[in-house]
Amino acid sequence: MPGPFDAREQAVFIPLAIGRPLTPTGPAVRTQALTKKYGKTVAVNGVSVEVPRGGITAFVGPNGAGKTTTIRMILGLAKPTSGDAWVLGEPIDDPKRYLPRVGSLIEAPAFYPPLSGRRNLQVLAQLGGHGRDRVEEVLRLVSLGERGDDAYKAYSLGMKQRLGIAGALLADPELLVLDEPTNGLDPAGIREMRELLRRLAHSGKTVFVSSHLMAEVEKLCDHVVVIRAGQIVFQGPLPKLLAHQHGLIVRAHDPRNHARLAELVTAAGHAAQVQDGRVVVEAPPDWGGHLNVLAMKARIVLAEIRPRAGDLEETVLSMTGKGGL
Amino acid sequence: MIRAVGAEWRKTLRRGMIVGGIGVMVAFSLLAVTIRFVNAEEGAPPGEGAPQARGPPIFSREELETETGPVLAFAGFSGGLMGVVSLVLFAQSVGAEYGWGTLRVMLTREPRRILFLGGKLVAMTLFVGLGILVALLVQYVAAIAFALGMNVDMGAWWTATGFLEAGSAFLRVWFTGTVWGLFGTVLALGFRSAAPAIGTGIGYALVAENLLTLAWDDGRKWLPGQLLGMFNTGVGNPVELPIAGLLLAAYAVAFVVASAILIRVRDVSS
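Those sequence lines, one after another, are chains V and G.
Residue numbers for the first sequence follow my numbering, so the first one is 19 and each next one is one higher.
Residue numbers for the second sequence follow my numbering, so the first one is 1241 and each next one is one higher.
In structure tokens:
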């Protein structure tokens, strides 16, 4: 799969098809019409994504949208049916050129159950050519130093997840690719993970993280990529995504009035639908006053009326459709 | 490659593998030497023993006093069982990488897949060699104990020829164990799982190939299980031993090439 450039030439300006140079400070990950088919099933369909260097980029979408398949292709575990991709400036058909600088945690953490956490990391460290000191460093970093000699099979889900993060950090990577890193973590663990990822991003590393927890994504990420049914529906800075959709969320004091409220809004020329115990109105936020008057005239008492913008979960759900994240 | 071998060795050398692998080899070895000595009678024919209507065959007591005496059971009965153990160990080692999902983690640390597989195969071959060596030494000790108890003359055992026979038996069993292991590897890679690979491998070795030889007269000259059994015992019949060795080496190369293709070409989806 020849790329449009020779990685050895990255230091010089190389024009790309999308009109941006790929230099050592260019995108950490770039895919171009990346497609993966399994028989007749198209898992990833012409995905073109850029993950900027530095900062935290979230990769969100419903189950089965193609997130993990895309990540597998980026990590050299699955071959694309068509399309190209580059990671840290290197083409993905030669993973040995970039994987030593990439740390990853794909789906659930996977280690050898009979071995201790420490021994598991030592196996990975030996394979990747990292020193023993690094094993101790990353164990401390994820607060597993004292439990490092326990068998992996005896670890809780949260401890397994932390060991997975430790494994991803072994190489002191430039790019960290994490698939659901907060799975199994308790609230304190999630907060620790958030702090850790922020520290890593502030130190100049790139974090590319898939997550179902929109609240976490909202707190953590600078950049968002949204995928649905194998296709990218949005990519860009988080504020741009939040501004992407406007509208109002309205809740009547008596939920039985929601249908009537939706009819009033529709009659006034705006789309509305009853959704999850509230009415979602497609109207500018400043239309809220008019809506209040309409409701009053119809003798409907409103319990809540607020702008829809700013709700990442709502925004992403509206882009990706039903099925959950 | 050294890093891949070292990493594999580090995870292989654990209690479960030592007890389940080397321990079973030692147990088979002890079983074989016990059967050989306990059922030895003067005047019985040499070789694989004279079958009886009931119970184990009767073995030649005179043969125990030759240079090959302490390793007769090792190269024959227990050697075959060690091949099966080796098949299980290799298949388990490869199949578990899929079952535990660790293959994807390992390949993100060592993306050169063939090198990773090579490291695994070298480490497993060394581990099986270690197990076979321990089993041989234990069999030697047991043979000495039996010989002392049964007044078997051990004079020929301690000659240069005796030690050469022991070394040769070790190398033959190690070689055949490795070929069985490579067979287990290709099955585990094919199935992407340990259990069906082990079931298929043992089923082929113990049942399918024997049925094939009933239907195909020349099967004993070509089928890997037949050649492996023959090579173990060091008796070149019906194929000369060097020819059998070459055929087995060809099988080994074929298994390695098939394994390399399977791991290189296929996506890692587990």
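No residue lacks a Cβ here, since even glycine has one placed at the ideal position from N, Cα and C.
Is the region 264-277 of chain V touching the region 318-327 of chain V, taking contact as three or more C-beta pairs under 8 Å? The way I'd put it, the region 264-277 of chain V does touch the region 318-327 of chain V; three or more beta-carbon pairs between them come closer than 8 Å.
So the candidates are G:A1382, G:P1310 and G:M1390; which of them puts its Cα closest to the Cα of G1402 (chain G)? Checked all of G:A1382, G:P1310 and G:M1390; the closest Cα to G1402 (chain G) is G:P1310.
Please list the residues of the region 122-145 of chain V that have a C-beta atom closer than 9 Å to any C-beta atom in chain G, keeping them in chain order. S122, L123, I124, E125, A126, P127, A128, F129, Y130, P131, P132, L133, R137, N138, Q140, V141, L142, A143, Q144 and L145
Measure the beta-carbon distance from I250 (chain V) to S66 (chain V) and round it to whole angstroms, keeping in mind my assumption that it falls under 8 Å. About 7 Å separates the two Cβ atoms, so the contact holds.
Option in V:A186, V:P131 and V:P132 with minimal Cα separation from T1348 (chain G): Considering only alpha carbons, the answer is V:A186.
R1412 (chain G) to D102 (chain V) span [Cα, whole Å]: 50 Å
Can you list, in chain order, the residues of its chain whose CB lies under 7 Å from that of G1358 (chain G), leaving out five sequence neighbours each side? M1241 and A1244
Tell me which residues of the region 163-185 of chain V have at least one Cβ-Cβ distance to chain G shorter than 8 Å, keeping chain order. If the cut-off is 8 Å between Cβ atoms, the region 163-185 of chain V has G185 near chain G.
Are the C-beta atoms of G147 (chain V) and some chain G residue less than 9 Å apart? yes
Using a Cβ-Cβ cut-off of 9 Å, state whether R90 (chain V) counts as contacting chain G. yes
So what does DSSP say about V1508 (chain G), is it helix, strand or coil? coil
Helix, strand or coil at D1458 (chain G) [DSSP, three-state]: coil
Checking 9 Å against the spacing of the C-beta atoms, do L1472 (chain G) and G1320 (chain G) come in under that value? Checking the displayed sequence, the identity of residue 1472 (chain G) turns out to be Asn instead of Leu. Their beta carbons are under 9 Å apart, which means N1472 (chain G) touches G1320 (chain G) by this criterion.
In angstroms, rounded to a whole number, what distance separates the CA positions of F1386 (chain G) and F1277 (chain G)? 7 Å
Rounded distance between the beta-carbons of V1374 (chain G) and V1266 (chain G), thought under 8 Å: 6 Å
V1273 (chain G) lies in the alpha helix (DSSP H); which residues open and close that run? First-last of the alpha helix (DSSP H) with V1273 (chain G): V1264 to V1278.
Which residues of chain G have a Cβ atom closer than 7 Å to the Cβ of L117 (chain V), listed in chain order? Those are T1348 and P1351, listed as they occur along chain G.
In whole angstroms, what is the alpha-carbon distance linking I124 (chain V) and A1428 (chain G)? Straight-line Cα distance between these residues: approximately 23 Å.
Give a yes or no on whether the C-beta atoms belonging to M1346 (chain G) and A1247 (chain G) are separated by under 9 Å. yes
Kindly list the residues whose CB is nearer than 6 Å to the CB of Y116 (chain V), restricted to its own chain and excluding five residues on each side of it in sequence; keep chain order. For Y116 (chain V), the CB contacts under 6 Å within the same chain, skipping 5 residues up- and downstream, are V105, L106 and E108 in chain order.
Just reading off the beta strand (DSSP E) that D102 (chain V) is part of, what are its end residues? S100 to V105
Which residues in chain G have a C-beta closer than 7 Å to the C-beta of L106 (chain V)? List them in chain order. The premise fails here: L106 (chain V) is roughly 13 Å from chain G at the closest Cβ pair, so nothing lies under 7 Å.
At which residues does the beta strand (DSSP E) containing H241 (chain V) begin and terminate? Note, H241 (chain V): beta strand (DSSP E), H241 to R246.
Determine the DSSP secondary structure at D1393 (chain G), reduced to helix, strand or coil. coil
Please confirm if S1433 (chain G) has its CB atom under 9 Å from at least one CB of chain V. Taking Cβ atoms only, chain V never reaches closer than 9 Å to S1433 (chain G), which makes this a no.
Closer than 6 Å by C-beta to A1336 (chain G): which residues in its own chain qualify, once you throw out the five before and the five after it? Chain order, please. A1434
Any idea which residues DSSP pairs D197 (chain V) with across the strands? V:S228
R1255 (chain G): buried (16+ other C-beta within 10 angstroms of its C-beta) or exposed? exposed
Between G1358 (chain G) and chain V, is any beta-carbon pair separated by less than 9 Å? no
Between K1461 (chain G) and chain V, is there a C-beta pair that is closer than 9 Å? no
Where S1433 (chain G) falls: helix, strand or coil (DSSP): coil
Can you tell me which residues form a DSSP beta bridge with G121 (chain V)? V:L194
Against P113 (chain V), what residues of chain G qualify as contacts under a CB-to-CB distance less than 9 Å, listed in chain order? L1347, T1348, P1351 and R1352
Given this structure, state the Cα-to-Cα distance separating L40 (chain V) from H148 (chain V), to the nearest angstrom. With a pLDDT of 44 at L40 (chain V), under the threshold of 50, the modelled position of that residue is not reliable, and no figure is offered here.
Euclidean distance between Cα positions of T1308 (chain G) and P1478 (chain G): 21 Å
Please state the DSSP three-state secondary structure of V1475 (chain G). coil
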